[in-house]
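For the sequence shown, our numbering begins at 11 and goes up steadily by one.
Beta carbons are placed, not taken as given, at the ideal position from N, Cα and C, and that holds for glycine.
A quick note: this is a predicted structure, and the numbers were derived from the prediction, not measured.
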Amino acid sequence: MTKFADIKGFVFDLDGVITDTSILHGTAWHQLADYLDVAWSDELANGLKGISRMDSLEMILKAGGKENDYTQAQKVELATKKNTNYVAEVDKMTPANILPGMKAFLDDLRAKGYQLSLASASKNAPRVLDKLQLADYFPKVVDPASLTHGKPDPEIYTKGAQLLNLPPAQCIGVEDAAAGVQAINAAGEVSLGIGDATELGAADMVFADTADVTLANIAKKLG
11 MTKFADIKGF
21 VFDLDGVITD
31 TSILHGTAWH
41 QLADYLDVAW
51 SDELANGLKG
61 ISRMDSLEMI
71 LKAGGKENDY
81 TQAQKVELAT
91 KKNTNYVAEV
101 DKMTPANILP
111 GMKAFLDDLR
121 AKGYQLSLAS
131 ASKNAPRVLD
141 KLQLADYFPK
151 VVDPASLTHG
161 KPDPEIYTKG
171 AQLLNLPPAQ
181 CIGVEDAAAG
191 VQAINAAGEV
201 SLGIGDATEL
211 GAADMVFADT
221 ADVTLANIAK
231 KLG
């Protein structure tokens, strides 16, 4: 098992770890549902979590009984409209949208010379980092367009370590989703999960909240 002293780098997921963009996705889908005259509900909002853009659109159309009302080209236009809504929400973000404790953790990592990379499947990740004023913390960002497999495949985390020129065993991957933890483990990195310990049971260590993630606490768990 990797010891704390062996760790040289951290590979971060973005959503649910550094900030919470799922709220913004929800707002953007809600706006599109209103535009389509489809009733919005908590059930619909929850159903869209972690689903691709086109699948989410289909779910909204189905909820309104409109699944056969649009051609494929029109559906692509609607999905693009949602993304435009989403980007407009992203552009309203500020450093106040950084999750509790994360800025202090990133500052500490940087001060102690750890290398950092970002492993987010979101094409908007660089824009989000920019708005959070964290872009200079992550000079290395995995390009989602270069990926052939999504999580739980290890590809994104393998690339995150490669960008740092570090062997995977010297990296800690930071995630809030079970599929992400699987990806980190499969890449041979140490997995740090943030959230529900039952859901993230496969992680090497789990913290209930972003505010609990500190180097001191990680050292205690890794030994």
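#### Entry: Where the alpha helix (DSSP H) containing V21 begins and where it ends
On the sequence shown, position 11 is the one that residue 21 refers to. That residue, V21, is in no alpha helix (DSSP H); its beta strand (DSSP E) goes 19-22.
### Task
Leaving aside the five residues before and after G36 along the sequence, list all residues of the same chain whose C-beta is less than 7 Å from its C-beta, in chain order.
Here residue 36 refers to the residue found at position 26 when the sequence shown is read from its first residue. The residues are A55.
### Message
If I measure Cβ to Cβ from G19 and keep anything under 8 Å in the same chain, skipping five residues before and after, which residues do I get?
### Response
For the purposes of this step, residue 19 is taken as the residue at position 9 of the sequence shown. So the qualifying residues of the chain are Y124, Q125, L126, S127, A171, L174, L176, Q180, C181, I182.
#### Entry: Euclidean distance between Cα positions of E87 and Y45
The residue given as residue 87 occupies position 77 in the sequence shown. The residue given as residue 45 occupies position 35 in the sequence shown. Going from the Cα of E87 to the Cα of Y45 covers about 13 Å.
### Query
Where does the unbroken alpha helix (DSSP H) through E185 begin, and where does it stop?
Translated into the one-based positions of the sequence shown, residue 185 becomes position 175. Here E185 belongs to no alpha helix (DSSP H); instead the beta strand (DSSP E) covers 181-185.
### Task
Tell me, to the nearest whole angstrom, how far the beta carbon of A213 is from that of G203; I am working on the premise that it is less than 8 Å.
For the purposes of this step, residue 213 is taken as residue 203 along the sequence shown, with counting starting at 1. For the purposes of this step, residue 203 is taken as residue 193 along the sequence shown, with counting starting at 1. So it is a contact: roughly 3 Å between Cβ atoms.
### Message
By the DSSP assignment, the beta strand (DSSP E) with I204 in it spans what residues?
### Response
As a first step, residue 204 must be located in the sequence shown, where it is residue number 194. Counting along the chain, the beta strand (DSSP E) containing I204 begins and ends at 200-204.
### Task
Just tell me which of I228, Q82, E68 has its CA closest to the CA of D118.
The residue given as residue 118 occupies position 108 in the sequence shown. Closest option to D118, Cα to Cα, is I228.
### Message
Between the alpha carbons of E53 and M69, how many angstroms are there, rounded?
### Response
Taking the first residue of the sequence shown as position 1, residue 53 is located at position 43. Taking the first residue of the sequence shown as position 1, residue 69 is located at position 59. When only Cα atoms are considered, E53 and M69 end up about 11 Å apart.
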